[in-house]
Every structure is written in C-alpha cells, then in structure tokens.
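The block underneath contains the structure these notes are about, expressed in structure tokens.
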Amino acid sequence: MSTAQVVGLASEDFGAFGSKELQSFTSSHLAALGTDQLAGLTSDQFGDLLTTQLRGLDSADIAALTTDQLAGFNTAQFASLTTTQVKGLESDDLSSFDSSDLRAFTTAQVAALGTEQLTGLNSDQWAMLTSLQVTALGTAGVAALESDDLAAMTSVQFGGFTSAQLQALDTVQLAGLESADLSKLSTLQLKGLDSDDVSALTSDQLDGLTSAQIASLTTAQVVGLASEDFAAFSSTELRSFTSSQLGALGTDQLAGISSVQMGQLTTNQLRGLDSADVAALSTDQLAGLATDQIASLTTVQVLGLESDDFVAFSSSDLRAFTTAQIAAMGTEQLVGLDSTQWASLASTQITALGTDGIAAITSEDFAALTTLQMAGFSSAQINAIATDALAGLGSSNLGALNSLQIDGLSTDQIASLTSAQVVGFDTSDLASMDMAQVTAFTTDAVAALNTAQVNAMFLATPIVLDLDGNGIQTLNAAEGVNFDLNGDGQAARYGWVAGQDGFLVMDRNGDGQINDGRELFGSGTRLADGSRAADGFVALSAEDSNHDGRIDASDTNFSKLQVWVDADRDGVTDAGELKSLTELGITSMSLGATKGTEVDNGNLLGLVSSFTKANGETSAMTDVWFAKDAALPTAEELVAPAEKPLPLPERTDGTPATAAMEPPSAPPPHHGWRHPRQDDEDPSVILPLF
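Heads up, the sequence shown is in full-length UniProt numbering, so the first residue is 1 and it goes up one at a time.
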C-alpha cells in the first residue's frame with residue numbers, strides 16, 4: 001500500500017488487521033496516519049508493532065494515544081522511543097505505567113521528561129526508578145517530586161541524586177527525606193544542601209548523618225543547624241565537627257549543646273570558639289568541661305568567662321587553669337570565686353594573678369588562703385591587696401611572708417593591720433621594713449608586738465628636747481650608741497642625740513643612771529597596764545595627771561622629769577649629764593604633737609611639739625625615730641653592761657615600780673592617739689607613726 005492509500009483508511013478499518021498485516025506497515029505508513037486513524041488501533045495491536053515501526057510516530061501522535069493504548073506497549077517498545085517521542089507522553093500516561101515499563105525507560109528518555117509529565121508519577125512509581133534514572137531526572141525533574149514521593153524512595157535511589165538535584169529540592173520536599181536516606185548521601189551530594197535546607201531538616205533526619213558526612217558540612221551549612229538539632233548527635237558525631245564548624249555556630253546554636261556533650265568535645269574542637277562563644281555558654285555547659293578541656297582554652301577564650309561561670313568550676317577544674325590563663329583573668333571575672341575555690345588554687349596560680357586579679361580577693365577569701373599560697377605572692381601583688389581585704393589575713397599568713405613580700409606592703413596597708421594580725425610577723429620581716437613602713441603601725445598594733453618583734457624593728461623612739469635652739473640634731477646609726485632603747489634587754493647600735501640636745505627621762509629606779517629605754521619616753525616605755533607605748537608622746541601622756549594636754553608643775557610627777565644630755569655620746573649617764581627641768585628653765589611641755597617628715601642623719605623627726613621656758617621662749621620637743629645600725633656589733637658592744645635592764649625599786653607608796661608611774665586616773669587621749677575627736681580631720685594633727 002502506498003502512503004496515500006494508508007491515509008484513506010478509516011479508524012475502524014484498523015480493527016480488521018491482524019498482527020502480521022499490521023506489522024507490514026512501514027514507519028512511513030504510520031507516520032502518515034492521522035491521530036483519528038491511530039485511535040482505531042487497540043492496545044494489543046500497539047503491542048504487536050515493531051520498534052522500527054514506532055519510529056514513524058511523532059510526539060503529537062504519542063500525545064494522542066490513550067492510556068489504554070499505551071498500556072499495550074512492551075518494555076522494548078518503550079525503550080525504543082526517541083526523546084522527542086517521549087515528550088509527547090502526558091502525566092496521565094505516565095501514571096498508567098507499571099514498574100517494568102518505567103524501568104524500561106533509558107536515562108536519555110528520563111532526562112527528556114519534563115516536570116509536568118513527571119507529576120503523573122505516584123509515590124510507588126517513583127520508588128520503582130533505578131538510581132541511574134534518578135540521576136537522569138536533572139534539576140527540573142526533581143521539582144516534580146513531592147515529600148511523599150521522596151519518602152517512598154529507597155536509599156539506593158538517593159545515591160543517584162546529584163548535588164545539583166539536592167540543591168533543587170525545596171524545604172517542603174526535604175521533609176520527605178528519612179534519616180536512612182540521608183545517611184546514604186555522599187559528601188559530594190551533601191554539598192548541594194544550603195543553610196536553609198539544613199535548617200529545614202529535623203533532628204530525626206539529622207540523626208542519620210554519619211561522622212564523615214558531618215565533617216564534610218561547610219561552615220555555611222552548619223549555620224543552618226538549629227539548637228535543638230544538636231541533641232540528636234551522638235558523642236561520635238559531635239566529635240566529627242571541626243573547630244571551624246564550631247566556630248561558625250552562633251550563640252543560639254551553641255546553647256543546644258548539653259553539658260555532657262560539651263565534655264565530649266576535643267580540645268582541638270574547642271579552639272574554634274571565640275571569647276563571645278565562651279561568654280554565651282551557660283554555667284551548666286561549662287560544668288561539663290573536663291580539666292584537659294579547661295587547660296586547652298586560650299587566653300582570649302578565657303576572657304569570655306564571666307564571674308557567674310566560675311561558680312560552676314570544681315577545685316580540680318580550677319587547678320586545671322594554666323598560669324597564662326590565670327594571668328589573663330580580670331577582677332570582674334575572679335570576683336565569682338568563693339573562699340573555698342580560692343583556697344583550692346595552687347601557689348603557682350596565685351603567683352600568676354595580675355594586680356587586677358588580686359583586687360578580686362576579699363577578706364573572707366584571704367582568710368581561707370594557706371600559708372603555702374601566701375608564699376606565692378610577689379611584692380607587687382602584696383601591694384595590690386586592698387586594705388579591707390587585708391583584714392582577712394591571719395597572723396599565720398602574715399608570718400608566712402618573706403622579706404621581699406614585706407617590701408610590697410604600703411604604709412596604708414600596714415596602718416590597717418590589727419593587733420591580732422601583727423603578732424604573726426617574724427622578726428626578720430620587721431627588720432626588713434623601711435622607715436615609712438615602721439612608722440605606719442597603729443598604736444594598738446605596736447602595743448601587741450612582743451619584745452623580740454619590737455627589738456627587730458628598724459627604728460626606736462624617745463623624746464628629744466632642742467636645748468640650744470638650733471633644731472634637733474642627731475648622729476646616724478653607724479656613728480651612734482649601743483643602747484637598749486626598747487628596754488627589752490637587747491642593746492643595739494642606734495642613731496643618737498647630738499649637739500647640746502637631750503633626752504626627756506625619768507630615773508624610775510632612783511639609781512642616778514638612765515639604764516635603758518624604759519626610763520626614756522618612747523617605744524621602750526611601759527605603761528601602767530603593762531603595754532608598750534607606741535611613741536614618746538603616748539608615754540608622756542601617762543604623766544598628764546590633770547588631763548589638760550600638757551605637762552607642767554600641776555602634774556604629779558613633773559618634778560621627777562629630767563633631761564639627759566649625753567655630752568660624750570657614750571650611752572652612759574655620767575656625772576652632771578642629768579639636768580632637772582627647773583635647772584633648764586622648762587616650765588611646761590605640750591602634748592599636742594603633729595606629724596613630722598624631716599629626716600636628720602637617717603633618723604626621722606616623727607612627732608613634733610614644743611616645750612616652754614620660764615622666760616616664755618619655746619623650743620622643739622620631738623619624738624625622734626632613731627634608725628638601727630644593720631652592721632654587726634663590735635666585741636666591746638657585745639659585752640656592754642647596758643644589755644640587761646636593771647630591776648626597779650619599790651615606789652615610796654609601797655607598790656611595785658613600773659616603767660611608767662600609774663596616774664591617778666586614765667589620761668585623756670592626746671593628739672598622737674587614734675581616738676575620735678573633733679580635730680581628727682585636721683591635717684595638722686598627727687596620726688600614729690606606728
């Protein structure tokens with residue numbers, strides 16, 4: 001038959017043709033048929049057509065075929081269709097194909113299918129495609145997939161997805177992925193997911209990711225993880241995160257990591273966190289860190305710790321901090337430590353504290369520190385201790401300080417020490433103090449010192465009178481006199497009075513000699529209660545029996561006061577060296593001393609007042625702080641008789657003698673005492689030198 005004859009056939013004519021007759025049609029014959037004629041072919045007749053004959057059909061012819069007719073196609077026929085012919089298939093046509101039909105499609109044919117065609121496939125049909133066919137779908141093809149379709153697909157099929165195809169999936173479609181499916185994706189495929197895609201995945205889905213997959217995620221993808229997603233990760237999976245990935249996480253995401261998970265991170269991973277990340281961690285999270293993790297934190301990361309965070313650290317955690325980390329901490333951070341935690345620090349850690357860190361230690365904290373810890377403080381650190389915090393140091397801790405540390409004590413710090421504290425000072429500590437430090441002790445503190453401590457001090461004080469009107473003149477300690485200024489049986493070489501000036505004295509045992517400092521008015525004077533006077537004016541105030549703030553004939557023991565002018569400067573009371581006040585024309589002495597700053601030959605003119613003569617002239621009366629010579633004493637000095645104080649005779653009233661006669665009643669406080677009074681705020685009024 002010619003093509004013209006074939007064109008003349010009616011649609012019902014084709015029903016009379018058998019398979020052999022139908023197979024005699026050429027592809028050209030079929031190409032000449034119209035869609036109305038093709039409609040006359042049954043599904044069985046289509047199944048009898050040869051693949052070569054089918055090539056005569058174009059896409060319009062294919063589009064005109066019914067689903068029943070297409071159902072007659074065998075797999076070979078489907079496989080023979082050209083990509084152009086395949087484009088003629090409609091979505092309803094595809095929905096009629098069984099698994100063998102679908103699997104018969106070549107990858108080229110699948111690639112030719114459009115989104116509208118593929119929407120005809122149901123979930124069961126999608127699940128029948130091979131992984132190669134899935135790959136052939138392209139990005140346009142996967143757009144036809146619904147979440148249910150994706151859920152029906154196997155993990156083998158997902159292995160056929162390219163990264164571009166995965167990237168083409170929207171977040172609604174991704175909801176159809178199962179954890180098992182995700183686990184089959186290669187690291188290359190995963191790169192097709194962006195941060196929004198990752199964000200759309202549920203915790204259950206992410207639970208399917210392997211360690212290798214997690215490690216392959218880019219920092220941009222990691223940003224898409226939600227805080228609750230981290231709960232789905234096992235310790236192995238969490239350890240697969242790189243430091244860069246952790247560094248890319250926001251503080252909200254980090255909040256999703258539990259304290260247990262924090263403890264499972266490696267030290268390398270933790271290096272990905274910056275100080276802001278560390279600052280965002282909760283105390284519970286930080287409590288999960290192991291000691292090796294804490295020790296691995298950089299000094300920059302440590303700056304992110306807040307005071308409340310330190311509450312979470314145990315003693316072992318705190319001991320894990322390196323000295324470099326400790327040195328990086330500031331006051332605001334360290335105030336979070338309580339006394340027990342401070343007590344757990346190693347002495348090397350204490351040494352590493354900066355002066356800012358020292359400022360965070362309270363008095364309660366200092367009270368908890370051990371002597372070993374105190375030994376770790378440098379002199380600069382000692383100097384940085386606040387005076388109110390210093391109150392927490394016990395006497396044993398003060399005793400643990402060495403001379404270098406003692407050098408760090410400021411005068412304000414020394415002035416803040418209580419009598420209970422100063423008893424802890426070793427004699428070597430006191431001996432190392434300079435003039436400013438020694439004179440900073442309060443009256444009560446000096447009174448609490450024992451004999452050995454007082455004797456160890458750099459200075460000793462008696463009152464000296466300027467008898468020649470040219471100012472107080474002294475000798476330096478190296479040229480001074482070996483004398484027991486403190487009245488404790490321990491003579492030492494001190495600076496001494498020079499010129500025509502003299503010591504104010506009282507020959508308390510009546511032997512005509514000034515035996516030791518107990519018969520002067522100064523640090524060697526013993527008061528009526530047995531305590532030691534802090535300075536000469538405290539000692540002299542005990543003789544102010546009428547409490548008028550001056551010593552004159554109205555006072556009981558005024559006539560017993562004398563002046564010792566040691567003309568030959570040998571520390572021995574020679575004949576004619578003891579002068580009465582009457583002989584010198586002295587009628588009164590003022591107790592209103594003010595603080596002096598002048599130093600004469602190494603001796604401090606510490607408290608300055610005046611005395612008045614009968615002619616109305618006044619001259620200086622000064623409590624001089626004589627320096628002690630550091631040189632070893634000579635053999636002659638070692639055997640000097642003044643080293644042992646002499647016993648005092650009984651007083652005329654039958655009571656035992658004391659170094660200072662007991663006044664009728666307690667004397668009023670004079671300007672050198674630290675007692676509240678109206679002129680306390682007057683800068684001209686002396687504060688206690690000790």
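Note that the Cβ used here is the ideal one computed from N, Cα and C, for glycine as well.
Since the model is a prediction, treat every value here as computed from it, not as a measurement.
> Which whole runs of the alpha helix (DSSP H) in the segment 442-490 are 4 residues long or more, in chain order?
Replying inline: With a minimum length of 4 residues, the continuous alpha helix (DSSP H) runs that stay inside the segment 442-490 are 443-448 and 451-456.
>> Please report the distance separating the alpha-carbon of F537 from that of A346.
In response: One-based indexing of the sequence shown puts residue 537 at position 537. One-based indexing of the sequence shown puts residue 346 at position 346. Rounded to whole angstroms, F537 to A346 spans 46 Å at the Cα level.
>> Using the three-state DSSP reduction, which class does M661 fall into: helix, strand or coil?
In response: Here residue 661 is taken as the residue at index 661 of the sequence shown, counted from 1. Bear in mind that a pLDDT of 38 at M661, under 50, signals an unreliable position, so the model cannot answer this.
>> Could you check whether G159 and S203 sit closer than 8 Å to each other, using their CB atoms as the reference points?
In response: For the purposes of this step, residue 203 is taken as the residue at position 203 of the sequence shown. For the purposes of this step, residue 159 is taken as the residue at position 159 of the sequence shown. No, they are not a contact pair.
> Between the Cα of I358 and the Cα atoms of V335, T340, F483 and T236, which residue gives the shortest distance?
Replying inline: Along the sequence shown, one-based indexing puts residue 358 at 358. Check the Cα spacing between I358 and each of V335, T340, F483 and T236: the tightest is with V335.
> Below 8 Å between beta carbons: does that hold for F558 and L465?
Replying inline: Position 558 of the sequence shown, counted from the start, is the residue given in the question as residue 558. Position 465 of the sequence shown, counted from the start, is the residue given in the question as residue 465. Not in contact: F558 and L465 (Cβ atoms no closer than 8 Å).
> Does DSSP classify T135 as helix, strand or coil?
Replying inline: Within the sequence shown, numbered from 1, the residue matching residue 135 stands at position 135. In the structure shown, T135 sits in a helix (DSSP, three-state: H, G or I).
> Just reading off the beta strand (DSSP E) that R550 is part of, what are its end residues?
Replying inline: By 1-based counting over the sequence shown, the position of residue 550 is 550. Segment R550 to D552, the beta strand (DSSP E) holding R550.
>> If you follow the alpha helix (DSSP H) that A492 is in, where does it begin and where does it stop?
In response: By 1-based counting over the sequence shown, the position of residue 492 is 492. For A492, no alpha helix (DSSP H) run applies; the uninterrupted beta strand (DSSP E) run containing it begins and ends at A492 to Y494, by DSSP.
>> What does the alpha-carbon distance come out to for the pair A666 and R319?
In response: If you number the sequence shown from 1, residue 666 lands on position 666. If you number the sequence shown from 1, residue 319 lands on position 319. Its pLDDT being 36, under 50, A666 is placed unreliably by the model, and nothing is read from it.
> For L584, which option in T525, D516, E617 and A539 has the closest C-alpha, if you only look at C-alpha atoms?
Replying inline: Position 584 of the sequence shown holds residue 584. Among T525, D516, E617 and A539, the Cα nearest to that of L584 is on E617.
> Three-state secondary structure (DSSP) at A140?
Replying inline: Residue 140 sits at position 140 when you count from the first residue of the sequence shown. Residue state, collapsed to three classes: helix.
> Should V563 and G502 be called a contact, given that it needs their Cβ atoms to be closer than 8 Å?
Replying inline: Position 563 of the sequence shown, counted from the start, is the residue given in the question as residue 563. Position 502 of the sequence shown, counted from the start, is the residue given in the question as residue 502. Judged by beta-carbon spacing, G502 lies within the 8 Å limit of V563, meaning their Cβ atoms are closer than that value.
>> Which runs of the alpha helix (DSSP H) at least 4 residues long sit entirely within the segment 84-140? Give them in chain order.
In response: If one requires a minimum length of 4 residues, the alpha helix (DSSP H) runs lying completely within the segment 84-140 are 91-95, 99-104, 107-112, 115-118, 123-126 and 131-136, in chain order.
> By Cβ distance, which residues of its chain are closer than 7 Å to Q500, with the 5 residues on each side in sequence left out?
Replying inline: One-based indexing of the sequence shown puts residue 500 at position 500. For Q500, where only same-chain residues beyond five positions count, the Cβ hits under 7 Å are L467, D468 and V565.
> Which runs of the beta strand (DSSP E) spanning at least 3 residues fall entirely within the segment 498-585, listed in chain order?
Replying inline: As far as the segment 498-585 is concerned, its whole beta strand (DSSP E) runs of at least 3 residues are 502-506, 550-552, 561-564 and 578-580.
>> Spatial neighbours of V423 within its chain, please: C-beta separation below 6 Å, excluding the five flanking residues on both sides.
In response: Taking the sequence shown and counting its residues from 1, the one referred to as residue 423 is at position 423. For V423, same chain residues with a beta-carbon under 6 Å away, outside a window of 5 residues either side, are S395 and A448 in chain order.
> Does the ligand FAD have a heavy atom nearer than 7 Å to the CB of V7?
Replying inline: This structure does not include the ligand FAD; it has no bound ligands of any sort.
> What are the boundary residues of the alpha helix (DSSP H) that includes S24?
Replying inline: Taking the first residue of the sequence shown as 1, we reach residue 24 at position 24. Counting along the chain, S24 sits inside no alpha helix (DSSP H), nor does DSSP assign it H or E at all.
>> D252 and A232 - do their beta-carbons sit closer together than 8 Å?
In response: Within the sequence shown, the letter at position 232 stands for residue 232. Within the sequence shown, the letter at position 252 stands for residue 252. No. Outside cutoff.
> Could you give the distance in angstroms between the alpha-carbon of A324 and the alpha-carbon of T218?
Replying inline: Taking the first residue of the sequence shown as 1, we reach residue 324 at position 324. Taking the first residue of the sequence shown as 1, we reach residue 218 at position 218. Near 33 Å, if we compare the C-alpha coordinates of T218 and A324.
> Hey, quick one: how far does the alpha helix (DSSP H) through G197 stretch, first residue to last?
Replying inline: On the sequence shown, position 197 is the one that residue 197 refers to. The amino acid at residue 197 is misidentified as Gly; the sequence shows Asp. Where D197 is concerned, the enclosing alpha helix (DSSP H) stretches over S195 to A200.
> What is the DSSP secondary structure of T67, reduced to helix, strand or coil?
Replying inline: Locating residue 67 in the sequence shown gives position 67, counting from the first residue. If DSSP states are grouped into helix, strand and coil, T67 belongs with the helices.
> When DSSP builds the beta bridges, which residues end up paired with N603?
Replying inline: Mapped onto the sequence shown, residue 603 falls at position 603. As computed with DSSP, N603 is found in a beta bridge with D600.
> Considering only residues of the segment 180-229, which uninterrupted alpha helix (DSSP H) runs meet the minimum length of 4 residues and lie entirely inside it, listed in chain order?
Replying inline: List check, alpha helix (DSSP H) in window: 187-190, 195-200, 203-206, 211-216 and 219-222.
> I think G495 touches N615, with their Cβ atoms under 8 Å apart; what is that distance to the nearest whole Å?
Replying inline: For the purposes of this step, residue 495 is taken as residue 495 along the sequence shown, with counting starting at 1. For the purposes of this step, residue 615 is taken as residue 615 along the sequence shown, with counting starting at 1. G495 to N615, Cβ: 31 Å. No contact.
> Can you check whether the CB of S11 is closer than 8 Å to the CB of Q37?
Replying inline: Here residue 37 corresponds to residue number 37 of the sequence shown, with the count starting at 1. Here residue 11 corresponds to residue number 11 of the sequence shown, with the count starting at 1. It is a contact, given that the beta carbons lie within the stated cut-off.
>> So, at 6 Å on beta carbons, what are the nonlocal neighbours of G654 in its own chain, with the 5 sequence-adjacent residues on each side left out?
In response: Working through the sequence shown from its first residue, we reach residue 654 at position 654. Its pLDDT being 42, under 50, G654 is placed unreliably by the model, and nothing is read from it.
> If you draw a straight line from the alpha carbon of K613 to that of I406, how long is it in whole angstroms?
Replying inline: Residue mapping note: residue 613 aligns to position 613 of the sequence shown, counting from 1. Residue mapping note: residue 406 aligns to position 406 of the sequence shown, counting from 1. Between K613 and I406, the alpha-carbon positions lie close to 44 Å from each other.
> Does DSSP put S259 in a helix, in a strand, or in coil?
Replying inline: Locating residue 259 in the sequence shown gives position 259, where the first residue counts as 1. Three-state DSSP puts S259 in a helix.
> So what does DSSP say about S243, is it helix, strand or coil?
Replying inline: The count along the sequence shown starts at 1 and reaches residue 243 at position 243. Helix at S243.
> Taking C-alpha atoms, which residue in L409, L94, P462 and A164 lies nearest to A506?
Replying inline: On the sequence shown, position 506 is the one that residue 506 refers to. This sequence places Met at residue 506; Ala is not what is there. Ranking the options by Cα distance to M506, first place goes to P462.
>> By DSSP's criteria, F626 is part of a beta bridge. Which residues make up the other side?
In response: Taking the sequence shown and counting its residues from 1, one reaches residue 626 at position 626. A460.
> First and last residue of the alpha helix (DSSP H) that includes residue 691?
Replying inline: Nothing can be reported for residue 691, as the shown portion of the chain is limited to 1 through 690.
>> In whole angstroms, give me the CA-to-CA distance for D535 and T594.
In response: For this step, residue 535 is matched to residue 535 along the sequence shown. For this step, residue 594 is matched to residue 594 along the sequence shown. Approximately 12 Å between the Cα atoms of the pair.
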